[in-house]
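Peer 1: Here the protein sequences line up with chains A and B, keeping their order. Going by this note's numbering, the final residue of the first sequence carries number 505, and the count climbs one at a time with no gaps. Going by this note's numbering, the final residue of the second sequence carries number 810, and the count climbs one at a time with no gaps. Take a look at the following structure, please.
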Amino acid sequence: MKIALRVGFGLVALALAGAVHAGKKNDTLVWLTEFEPPTYDFYAQTNREGVVLAKHVWDTLIERDLSTGEFKPHLASSVTYLNPTTIEVKLRPGVKFHNGDLLTAEDVAFTFNWQNDPANTKVAARSRTDWVKNAEKVDIFTVRLHLKEPFAAAMAFLESSVPIFPAAYTKAQGSEGMSRAPVGTGPYRVTEVARGKQIVLERYSNYFGGVRGQAKIGKIVMRFVPEYNTQIAELLAGNADFIWRVPKDMAEKMKGRRGLNVMVGDTMRYGYLQFDITGRAGAAAEPLRKPEVRQAIAHAVNRQAISKNLQGGGTVLDLTCYPSQVGCASKGAPKYSYDPAKAKQLLAKAGYPNGLDLDFYGYRDRQLAEAIMGDLSKVGIRTKLQWLQYAPLRDKVRKGEVPFNFMTWGSASISDVANSTGYFFAKGPDDTTQDPKVVDLLKKGGAETDPAKRLALYDEAHTLIARNAYWVPLWSYVYFYAMADDLRFQPTPDEIPHMYRASWK
Amino acid sequence: MLKYTLHKLLVAVLVAVTVSFVAFMLLRLSGDLATAIGGESARGEDIERIRTQLGLDRPVLTQYWDWASRAASGDFGRSYYYPEPVWTLLEERLPVTLRLACWGLVISLVIGVPLGVLAALRPNTLIDRVAMTLAVLGQALPTFWLGLLLIILFGLLLRWLPISGADTWMHYILPSFVLGYYSTPAVMRLTRSGMLEVLATDYIRTAYSKGLPHRTVLFKHALRNAVIPVVALASVQFGLMLSGSVVIETVFAMQGIGQLAWESISRQDFPVVQAVLLLVSMFYVWLTFASDLINAWLDPRIRAG
Chain A
1 MKIALRVGFG LVALALAGAV HAGKKNDTLV WLTEFEPPTY DFYAQTNREG
51 VVLAKHVWDT LIERDLSTGE FKPHLASSVT YLNPTTIEVK LRPGVKFHNG
101 DLLTAEDVAF TFNWQNDPAN TKVAARSRTD WVKNAEKVDI FTVRLHLKEP
151 FAAAMAFLES SVPIFPAAYT KAQGSEGMSR APVGTGPYRV TEVARGKQIV
201 LERYSNYFGG VRGQAKIGKI VMRFVPEYNT QIAELLAGNA DFIWRVPKDM
251 AEKMKGRRGL NVMVGDTMRY GYLQFDITGR AGAAAEPLRK PEVRQAIAHA
301 VNRQAISKNL QGGGTVLDLT CYPSQVGCAS KGAPKYSYDP AKAKQLLAKA
351 GYPNGLDLDF YGYRDRQLAE AIMGDLSKVG IRTKLQWLQY APLRDKVRKG
401 EVPFNFMTWG SASISDVANS TGYFFAKGPD DTTQDPKVVD LLKKGGAETD
451 PAKRLALYDE AHTLIARNAY WVPLWSYVYF YAMADDLRFQ PTPDEIPHMY
501 RASWK
Chain B
506 MLKYTLHKLL VAVLVAVTVS FVAFMLLRLS GDLATAIGGE SARGEDIERI
556 RTQLGLDRPV LTQYWDWASR AASGDFGRSY YYPEPVWTLL EERLPVTLRL
606 ACWGLVISLV IGVPLGVLAA LRPNTLIDRV AMTLAVLGQA LPTFWLGLLL
656 IILFGLLLRW LPISGADTWM HYILPSFVLG YYSTPAVMRL TRSGMLEVLA
706 TDYIRTAYSK GLPHRTVLFK HALRNAVIPV VALASVQFGL MLSGSVVIET
756 VFAMQGIGQL AWESISRQDF PVVQAVLLLV SMFYVWLTFA SDLINAWLDP
806 RIRAG
């Protein structure tokens with residue numbers, strides 16, 4: 001079926017030598033995407049399209065400057081720690097929601113308290129806000145966030161996970177009303193919600209600007225078209241201006257086509273090899289408890305070649321996080337180059353001169369998993385592939401039944417190691433290492449509000465993880481984007497096309 | 506007739522119970538639903554909350570009983586993905602699929618029956634072979650392939666028809682043709698064999714010997730009897746179109762039941778999957794029932810038992 005679809009695409013691509021696009025003429029960007037979010041209430045869903053739309057319709061208290069990576073006040077005029085568990089936010093005055101309501105401290109306090117209220121059963125991922133115990137309005141433009149405990153990733157969460165909702169409108173309309181007619185302060189306002197078909201956004205003329213700046217394109221129509229061949233046909237026919245997450249082979253066939261522009265961009269999602277060394281996985285995982293075996297695996301996999309040739313790009317990673325995440329750095333962490341001879345030496349040292357057999361689990365990107373297996377077999381590690389769906393595999397990992405697996409992680413687009421290294425190695429349900437030293441360092445790092453001290457703690461944790469090869473970080477994933485060549489667009493690693501930054505050439 | 510209807514009703518209930526029970530159990534064998542629904546970014550506490558909220562912590566049989574007793578009164582529960590009752594989703598999506606299936610059926614009959622008649626009138630000639638080739642092509646071409654070819658031709662090269670969506674009647678032309686053409690061969694072959702059989706009977710010879718015109722014999726006497734099995738087949742084809750438009754709805758981005766089922770399976774939105782399965786199986790049961798009644802009307806021998 002897949003091969004036939006690829007051939008089908010070949011026909012579509014061959015059918016036209018070039019494409020003519022009408023988007024610029026009427027200042028309307030037609031963006032085709034695979035999935036419709038279940039609801040347009042940001043907090044009631046975790047769908048990627050929902051996260052993307054939230055960036056256009058709502059604003060957050062702080063914003064990451066996409067060119068420097070720096071956190072800057074956005075809806076806020078200042079964000080200050082009064083003590084390790086209290087953050088005071090002063091709001092920018094004069095910001096108005098799309099329905100004309102003035103943004104006040106009441107809206108900020110309501111957003112946190114409503115999402116954390118157990119009576120609000122619509123919340124999809126409470127972890128976005130539940131690090132705040134409660135939010136207190138001090139005056140019309142001042143609000144205090146009282147944290148449950150010191151939380152160093154607060155800035156990253158404020159930037160990515162907490163868009164501010166209008167209190168009065170949300171109270172009156174509820175989650176369903178917000179989904180039917182979303183209202184925010186963002187650079188675009190929603191003018192049409194046609195369920196199952198499309199959502200239409202128009203530039204908000206009273207937008208305050210802030211870190212994001214004014215949107216340049218007048219109108220965005222996000223249409224839901226599940227099949228990539230059809231998306232490409234619409235793009236080639238000039239009925240669409242932008243598609244994303246295009247499969248690599250399809251993207252490569254479109255490269256160089258007149259009227260089209262194909263781009264590749266790194267994302268925060270990365271792949272990793274994980275070992276269960278807690279003893280829960282039984283005899284099957286016993287060899288993996290020896291550091292030399294794990295280090296041998298790290299040297300055996302040619303990450304650069306696999307990433308470049310099979311997925312078309314990506315950054316080879318040395319640490320258990322994405323490089324732009326706050327705290328993703330280490331001066332002392334060793335790097336594992338591709339060195340099959342060294343891998344064999346390490347295996348011999350560990351007592352496996354003739355190699356060993358391992359069960360290897362995976363759930364996506366089978367061609368990448370098989371390439372890894374091929375490299376491992378070259379040094380004598382014979383793997384038996386166990387292919388599962390994501391949910392049962394994750395359950396098994398959490399139960400300690402998986403000795404060795406290949407999985408991926410997107411950090412929920414949160415630019416802080418608290419949601420990568422801090423999530424996997426701090427004795428949470430997915431921690432298959434449970435090294436007390438690493439756990440201690442990460443817990444201290446998660447609570448440390450002094451940035452320099454925090455970075456030092458994470459540096460040490462990353463050094464320990466890498467030295468022991470608790471994981472083999474692989475590569476970041478890439479997205480392929482195809483668009484009308486009169487569209488100026490710059491991809492970013494957070495898996496969010498920021499269309500308020502896009503413009504017509 | 507009352508006994509006959511009651512018997513059919515009993516069969517319908519049994520089919521519904523069996524389909525829903527088997528589907529319920531199979532769907533729950535595919536791993537922990539709460540983890541799947543929570544997705545990657547859901548933490549342990551989120552997953553536990555989802556499990557409790559959706560009642561997934563109860564025994565499976567209890568869950569089935571609750572679902573079945575509510576479904577019996579028309580309440581299919583709420584979608585795990587969309588914040589809406591399942592019935593609302595079905596109501597939104599059903600018209601697109603029904604329209605598509607109706608047009609598909611019309612196209613398959615409009616092409617299949619005349620081709621079958623033509624092939625039967627000139628058996629083993631070039632006409633017959635061309636008709637058979639067309640029929641074989643219809644079944645041999647995968648629907649997504651034909652869909653893409655038509656998109657290239659009419660959507661990209663000629664720009665006569667829209668490529669995707671379901672906004673206007675123009676949007677239905679390509680997908681209906683693809684859907685209809687796929688089931689044309691069955692209609693054509695059955696019409697051909699039925700006509701060949703009927704044309705060889707004594708009463709047709711008698712009709713000709715009475716001096717009746719060829720057209721009258723053909724359409725009034727022969728075709729009427731030859732299409733009886735086609736009616737039964739058409740009802741089955743209609744059921745197939747309702748359930749089998751998954752690929753076509755996806756290729757043409759039409760928000761019908763088929764696309765909803767496909768999306769719901771990938772999202773493990775089981776209340777929706779179960780409701781769609783039940784709905785489609787009920788369509789089959791009732792379409793078969795309707796075809797029995799129509800056959801009885803067309804053929805007095807069936808009425809007489």
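Yeah, the Cβ is synthetic: ideal placement off N, Cα and C, and Gly gets one too.
May I ask you to list, following chain order, the residues of the region 151–178 of chain A that have a beta carbon less than 7 Å from some beta carbon of chain B?
Peer 2: From the region 151–178 of chain A, only Ser175 and Glu176 have a Cβ closer than 7 Å to chain B.
Peer 1: Suppose contacts are defined by Cβ-Cβ distances below 8 Å. Is Tyr40/A in contact with Leu53/A by that definition?
Peer 2: On the first sequence, residue 40/A is found 40 positions in, with the first residue counted as 1. On the first sequence, residue 53/A is found 53 positions in, with the first residue counted as 1. Result yes, Cβ atoms of Tyr40/A and Leu53/A sit closer than 8 Å.
Peer 1: What are the residues in the region 642–675 of chain B lying within 9 Å of chain A by C-beta distance?
Peer 2: Those residues of the region 642–675 of chain B that come within reach of chain A (Cβ to Cβ, closer than 9 Å) are Pro647, Phe649, Trp650, Gly652, Leu653, Leu654, Ile656, Ile657, Leu658, Gly660, Leu661, Leu662, Arg664, Pro667, Ile668, Ser669, Gly670, Ala671 and Asp672.
Peer 1: Applying the criterion that 16 or more other CB atoms from any shown protein chain within 10 Å of the CB defines a buried residue, is Arg694/B buried or exposed?
Peer 2: The sequence position of residue 694/B within the second sequence is 189, counting from 1. Label assigned to Arg694/B: buried.
Peer 1: Does Asn229/A come within less than 8 Å of chain B when only Cβ atoms are used?
Peer 2: To locate residue 229/A, count along the first sequence from 1; it is residue 229. By this cut-off, Asn229/A is an interface position.
Peer 1: Taking only three categories from DSSP, how would you classify Met759/B?
Peer 2: Position 254 of the second sequence, counted from the start, is the residue given in the question as residue 759/B. Coil at Met759/B, not helix or strand.
Peer 1: I want to see whether chain A comes within less than 8 Å of Arg548/B, judged by CB atoms only; does it?
Peer 2: Stepping through the second sequence from its first residue, residue 548/B is reached at position 43. Arg548/B counts as touching chain A.
Peer 1: Let me check one thing: in DSSP terms, what residues is Phe275/A bridge-paired to?
Peer 2: Sequence index remark: in the first sequence, residue 275/A carries index 275 (1-based). According to DSSP, Phe275/A bridges with Phe404/A.
Peer 1: For chain A, find out if any of its Cβ atoms is closer than 8 Å to the Cβ of Pro590/B; answer yes or no.
Peer 2: Translated into positions along the second sequence, residue 590/B becomes position 85. For Pro590/B, the answer is no, since every Cβ of chain A falls outside 8 Å of its Cβ.
Peer 1: Would Thr523/B be called buried (16 or more neighbouring beta carbons within 10 Å of its own) or exposed?
Peer 2: For the purposes of this step, residue 523/B is identified with residue 18 of the second sequence, where counting begins at 1. Under this definition Thr523/B is an exposed residue.
Peer 1: Would you tell me roughly how many angstroms separate the C-alpha atoms of Ser740/B and Ser750/B, rounded to the nearest one?
Peer 2: Along the second sequence, one-based indexing puts residue 740/B at 235. Along the second sequence, one-based indexing puts residue 750/B at 245. Their Cα atoms are separated by approximately 15 Å.
Peer 1: Can you list, in chain order, the residues of its chain whose CB lies under 6 Å from that of Arg269/A, leaving out five sequence neighbours each side?
Peer 2: By 1-based counting over the first sequence, the position of residue 269/A is 269. For Arg269/A, where only same-chain residues beyond five positions count, the Cβ hits under 6 Å are Thr408, Gly410 and Tyr477.
Peer 1: Using 8 Å as the limit for Cβ to Cβ distance, is Thr68/A near chain B?
Peer 2: Taking the first sequence and counting its residues from 1, one reaches residue 68/A at position 68. Output row for Thr68/A: interface = no.
Peer 1: Could you run through the region 193–205 of chain A and flag, in chain order, every residue whose CB is less than 8 Å away from some CB of chain B?
Peer 2: Listed in sequence order: Arg195, Gly196 and Lys197.
Peer 1: Put Thr432/A into one of helix, strand or coil per three-state DSSP.
Peer 2: As a working mapping, residue 432/A is identified with position 432 in the first sequence. The answer is coil: DSSP assigns Thr432/A none of H, G, I, E or B.
Peer 1: Measure from the C-beta of Leu792/B to each C-beta in chain A and report whether the shortest distance is under 8 Å.
Peer 2: Residue 792/B sits at position 287 when you count from the first residue of the second sequence. So, not an interface residue.
Peer 1: Quick one: grab the DSSP three-state call for Glu202/A.
Peer 2: Here residue 202/A refers to the residue found at position 202 of the first sequence. Of the three classes helix, strand and coil, the one that applies to Glu202/A here is strand, per DSSP.
Peer 1: Tell me whether Ser67/A sits in a helix, a strand or coil according to DSSP, three-state version.
Peer 2: As a first step, residue 67/A must be located in the first sequence, where it is residue number 67. Looking at Ser67/A - three-state DSSP - the assignment turns out to be coil, as it is neither helix nor strand.
Peer 1: Roughly how far, in whole angstroms, is the beta-carbon of Gly218/A from the beta-carbon of Leu75/A, given that I think they are within contact range, below 8 Å?
Peer 2: For the purposes of this step, residue 218/A is taken as residue 218 along the first sequence, with counting starting at 1. For the purposes of this step, residue 75/A is taken as residue 75 along the first sequence, with counting starting at 1. That pair is no contact at about 24 Å.
Peer 1: In chain order, what residues of the same chain have a beta carbon less than 6 Å from the beta carbon of His299/A, not counting five sequence neighbours either side?
Peer 2: Residue numbering aside, residue 299/A sits at position 299 when the first sequence is read from its first letter. Within the same chain, His299/A has close Cβ partners Tyr336, Asp339, Lys342 and Ala343.
Peer 1: Taking all protein chains shown into account, do 16 or more other C-beta atoms lie within 10 angstroms of the C-beta of Gln742/B, making it buried, or fewer, making it exposed?
Peer 2: Locating residue 742/B in the second sequence gives position 237, where the first residue counts as 1. Gln742/B is buried by the Cβ-count criterion.
Peer 1: Which of the three DSSP states, helix, strand or coil, is assigned to Ser330/A?
Peer 2: Sequence index remark: in the first sequence, residue 330/A carries index 330 (1-based). Correct three-state label for Ser330/A: coil.
Peer 1: Among Thr706/B, Leu642/B and Val527/B, whose alpha-carbon lies nearest the alpha-carbon of Tyr687/B?
Peer 2: Counting from 1 along the second sequence, the entry for residue 687/B is found at position 182. Checking every option, the nearest Cα to that of Tyr687/B belongs to Leu642/B.
Peer 1: Would you kindly work out how many angstroms separate the C-alpha atoms of Ala502/A and Arg488/A, rounded to a whole number?
Peer 2: Your numbering for residue 502/A matches position 502 in the first sequence. Your numbering for residue 488/A matches position 488 in the first sequence. C-alpha separation (whole angstroms): 6 Å.
Peer 1: Helix, strand or coil: which one does DSSP assign to Gln389/A?
Peer 2: Residue 389/A sits at position 389 when you count from the first residue of the first sequence. Note: Gln389/A maps to coil in three-state DSSP.
Peer 1: Check the DSSP bridge columns for Glu192/A and list the partner residues they point to.
Peer 2: In the first sequence, residue 192/A corresponds to position 192, counting from 1. Partner(s): Val200/A.
Peer 1: Go through its chain and collect everything with a Cβ distance to Asp357/A's Cβ below 6 Å, but skip five positions before and after it.
Peer 2: The count along the first sequence starts at 1 and reaches residue 357/A at position 357. Same-chain partners within the cutoff: Arg382.
Peer 1: Using the beta-carbon of each residue, which ones in chain A are nearer than 9 Å to Thr711/B?
Peer 2: By one-based count along the second sequence, residue 711/B stands at place 206. Those within 9 Å of Thr711/B in chain A number zero; the least Cβ separation is about 53 Å.
Peer 1: Does the Cβ-Cβ distance between Arg212/A and Ser161/A come in under 8 Å?
Peer 2: For the purposes of this step, residue 212/A is taken as residue 212 along the first sequence, with counting starting at 1. For the purposes of this step, residue 161/A is taken as residue 161 along the first sequence, with counting starting at 1. Not in contact: Arg212/A and Ser161/A (Cβ atoms no closer than 8 Å).
Peer 1: Mind listing the chain B neighbours of Asp431/A? Cutoff is C-beta to C-beta under 7 Å, in chain order.
Peer 2: To locate residue 431/A, count along the first sequence from 1; it is residue 431. Going along chain B, no residue has its Cβ under 7 Å from Asp431/A, so there is no contact; the nearest lies around 11 Å.
Peer 1: Cβ of Thr755/B less than 8 Å from any chain A Cβ?
Peer 2: Counting from one through the second sequence, the residue named residue 755/B turns up at place 250. Taking Cβ atoms only, chain A reaches closer than 8 Å to Thr755/B, which makes this a yes.
Peer 1: Between the alpha carbons of Arg64/A and Thr492/A, how many angstroms are there, rounded?
Peer 2: Against the first sequence, residue 64/A aligns to sequence position 64. Against the first sequence, residue 492/A aligns to sequence position 492. Distance between the alpha carbons of Arg64/A and Thr492/A: 12 Å.
Peer 1: Going by DSSP, name the residue or residues bridged to Thr80/A.
Peer 2: One-based indexing of the first sequence puts residue 80/A at position 80. DSSP output for Thr80/A lists Glu88/A as bridge partner(s).
Peer 1: Report the three-state DSSP secondary structure of Tyr481/A (helix, strand or coil).
Peer 2: Within the first sequence, the letter at position 481 stands for residue 481/A. Tyr481/A: strand per DSSP, three-state reduction.
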